[in-house]
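S.K.:
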Amino acid sequence: MNWKNKKVLVTGGAGQIGSNLVLSLLEKGAVVSVVDNLWRGQKSNLYKDGVPLIDMDKKFYELDLMNYENCLKVVEGQDLIYHLADVVAGINYVFGNQFSLFNSNLLIDSNMLKAAVSKGISDYIYVGTACSYPADKQSKLNPPPFKEPDVYPAMPESSYGWSKLMGEYACELIQQEKLMNIGLLRFHNVYGPHCVMDPEKSQVIPSLIRKAINFPNEEFIVWGTGNQRRAFVFVDDIISALVSVAEKGMNHGAIQIGPSFSTSIAEIAQTVIDISGKNIPLRFDVTKPEGDMDRAADWTKAKEILAWSPEISIEKGVEITYQWCDQYLSDNN
Ligand SMILES: NC(=O)c1ccc[n+]([C@@H]2O[C@H](COP(=O)([O-])OP(=O)(O)OC[C@H]3O[C@@H](n4cnc5c(N)ncnc54)[C@H](O)[C@@H]3O)[C@@H](O)[C@H]2O)c1
Numbered sequence: 086m087n088w089k090n091k092k093v094l095v096t097g098g099a100g101q102i103g104s105n106l107v108l109s110l111l112e113k114g115a116v117v118s119v120v121d122n123l124w125r126g127q128k129s130n131l132y133k134d135g136v137p138l139i140d141m142d143k144k145f146y147e148l149d150l151m152n153y154e155n156c157l158k159v160v161e162g163q164d165l166i167y168h169l170a171d172v173v174a175g176i177n178y179v180f181g182n183q184f185s186l187f188n189s190n191l192l193i194d195s196n197m198l199k200a201a202v203s204k205g206i207s208d209y210i211y212v213g214t215a216c217s218y219p220a221d222k223q224s225k226l227n228p229p230p231f232k233e234p235d236v237y238p239a240m241p242e243s244s245y246g247w248s249k250l251m252g253e254y255a256c257e258l259i260q261q262e263k264l265m266n267i268g269l270l271r272f273h274n275v276y277g278p279h280c281v282m283d284p285e286k287s288q289v290i291p292s293l294i295r296k297a298i299n300f301p302n303e304e305f306i307v308w309g310t311g312n313q314r315r316a317f318v319f320v321d322d323i324i325s326a327l328v329s330v331a332e333k334g335m336n337h338g339a340i341q342i343g344p345s346f347s348t349s350i351a352e353i354a355q356t357v358i359d360i361s362g363k364n365i366p367l368r369f370d371v372t373k374p375e376g377d378m379d380r381a382a383d384w385t386k387a388k389e390i391l392a393w394s395p396e397i398s399i400e401k402g403v404e405i406t407y408q409w410c411d412q413y414l415s416d417n418n
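Right, here's the structure in full:
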């Protein structure tokens, strides 16, 4: 596939995954535009060493994709769309805002799809989540790694999982009706540089890192028992999958991206403490939500179709993320 001068739109491109993708696409020679309402994304993610990655006046649109007219405006003339914008946040936000989150994501996803079809866009990539797998299949420790069809019969634990599954389903209908070429990835828990650290919206790894960096001024408390496990995947491994799906994974249905093993939150917390070099006691607050118990990915399909495999170990990934967060907090305090 020739990326040179390809016009690519990244929705949610100021976010964690989107901004890392933008950098990678620019390196390949694509002409990249970004739309983001900055609900969780940050313009600073689109700068490297103080220099903007894209022309922030002409190629960055600060717009809300819940508005259909805005979607029509940004999709116009694009060769390929990576639709990554959605409301995504940590467990507290997700369970505290179930309806508004569901409603927002349905609006964003359906507006974007309709706009892309109506403007004759040929290639469209959407990303689902492992949170869409049924709650009862991940309620105990050591379930077999999920295969893609395990997402049905559907019963996700959260409205976030439901909303993202609806997004996948809508894309499958578009593909069946041959209205666009569809690339569909389903990510497990993503972490890495350009993550969000604020207490209201952050996910578990950046949240633990922030607490360790701020300790003892901020308490280091792990939410839940710490026994809950996730298949964490470093953002660089996500970017390689996003590039590969455009090159060789279109119209293959959902492809799951994540490792075949899970790591407990207590293990992550200990890794973060070790990296900090501080003497931090490991404490848990079992009154806080901890979500699904355990899940991992059977990534055979990703290997076969995308030649994808996870490359970055959890220890290395957390170390890189810690250094990025440390720098970010010292620059912004
Ligand atoms: N982070 C994960 O663990 C994970 C796992 C599975 C799937 N995903 C999916 O990957 C995508 C990117 O996630 P991320 O981790 O980079 O999160 P992120 O929050 O960093 O990126 C999402 C971006 O969408 C933007 N956005 C939200 N609502 C918007 C709106 N109404 N209009 C325009 N922009 C809006 C946010 O400001 C943010 O920059 C999302 O679709 C998410 O559901 C993420």
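Be aware that the sequence shown starts at 86, since it is given in this note's numbering, and climbs by one per residue.
We treat Cβ as the ideally placed atom computed from N, Cα and C, and that holds for glycine.
1. With distances taken between CB atoms, is the gap from L192 to L150 smaller than 9 angstroms?
2. Which two residues bound the contiguous alpha helix (DSSP H) that contains R295?
3. Would you please state the rounded distance, in angstroms, between the beta carbons of C97 and D171? I believe it to be under 8 angstroms.
4. Buried or exposed: where does N155 fall if 16 or more other Cβ atoms within 10 Å of its Cβ makes it buried?
5. D359 by DSSP, collapsed to three states: which one?
6. Measure the Cβ-Cβ separation of E285 and N188 and say whether it is below 9 angstroms.
7. Below 8 angstroms, how does it come out for the stretch 271 to 286 and the stretch 386 to 396: are there three or more Cβ pairs, yes or no?
8. DSSP three-state call for P137: helix, strand or coil?
9. Per DSSP, V117 forms a beta bridge with which residues?
10. Does the stretch 228 to 242 touch the stretch 322 to 331, meaning 3 or more C-beta pairs lie closer than 8 angstroms?
11. Whose C-beta lies closer than 8 angstroms to the C-beta of K158 among residues of the same chain, with five residues either side of it excluded?
12. Using the beta-carbon count (16 or more within 10 Å), is R39 buried or exposed?
13. Rounded to whole angstroms, what is the Cα-Cα separation between D370 and G309?
14. Between N87, G311, A99, L106, which has its C-alpha nearest F319's C-alpha?
15. When every heavy atom of ligand 3 is checked, does at least one fall within less than 8 angstroms of the C-beta of I193?
16. Grouping DSSP H, G and I as helix and E and B as strand, with all else coil, what is I206?
17. In terms of DSSP beta bridges, what is A382 paired with?
18. Quick check: the Cα distance between L269 and P301, rounded to an integer number of angstroms?
19. Can you find the residues in the same chain that come closer than 7 angstroms, C-beta to C-beta, to P230, ignoring five residues on each side of it along the sequence?
20. Could you have a look at V172 and say whether DSSP puts it in helix, strand or coil?
21. For V33, name the three-state secondary structure that DSSP assigns.
22. Do R125 and ligand 1 come close, with the Cβ less than 8 angstroms from some heavy atom?
23. From K249 to K91, what does the alpha carbon distance come to, in whole angstroms?
24. Drop a sphere of 10 angstroms on the beta-carbon of L123, count the other beta-carbons inside from all chains shown, and report buried for 16 or more, exposed for fewer.
25. Closer than 8 angstroms to a non-hydrogen atom of ligand 1 - does that hold for the CB of S189?
26. My understanding is that A297 touches Q341, with C-beta atoms under 8 angstroms, so please give their C-beta distance in whole angstroms.
27. Using DSSP bridges, identify the partner residues of T372.
28. Return yes when at least one heavy atom of ligand 1 lies under 8 angstroms from the C-beta of A215, else no.
29. How many Å lie between K113 and I290 at the Cα?
30. CB-CB under 7 angstroms to P228, same chain, minus the five flanking residues each way: which ones, in chain order?
31. Going by C-alpha distance, which of S361, K128, T385, A351 is nearest I306?
32. Bridge partners for W308 per DSSP, in chain order?
33. Check the DSSP bridge columns for F272 and list the partner residues they point to.
34. Reducing DSSP to helix, strand and coil, say where Y407 ends up.
M.R.: Taking the structure as given:
1. yes
2. 289 to 299
3. For clarity, residue 97 is Gly in the given sequence; the question names Cys instead. With a Cβ gap of about 7 angstroms, G97 and D171 count as contacting.
4. buried
5. helix
6. No. Outside cutoff.
7. no
8. It is a strand residue.
9. V93
10. No, the stretch 322 to 331 does not touch the stretch 228 to 242.
11. Y146, L148
12. For the chain, the structure presents residues 86 to 418; residue 39 sits outside this window and is missing.
13. 5 angstroms
14. L106
15. The ligand content of the structure shown is limited to ligand 1, which means ligand 3 is not among them.
16. I206 falls in the coil class under three-state DSSP.
17. F231
18. Taken atom to atom, the span from the alpha-carbon of L269 to that of P301 is near 43 angstroms.
19. S345, A381, A382, D383
20. Coil at V172, not helix or strand.
21. Residue 33 lies beyond the range of the chain shown here (86 to 418); nothing can be said about it.
22. yes
23. When rounded, the distance between both Cα atoms is 27 angstroms.
24. Looking at its Cβ environment, which holds fewer than 16 other Cβ atoms inside 10 Å, L123 is exposed.
25. A heavy atom of ligand 1 is found nearer than 8 angstroms to the CB of S189.
26. Contact flag wrong, Cβ pair sits at about 30 angstroms.
27. BP columns for T372 are empty, so no partner.
28. yes
29. 30 angstroms
30. K222, D379, R380
31. A351
32. D370
33. Partner(s): T214, I342.
34. helix
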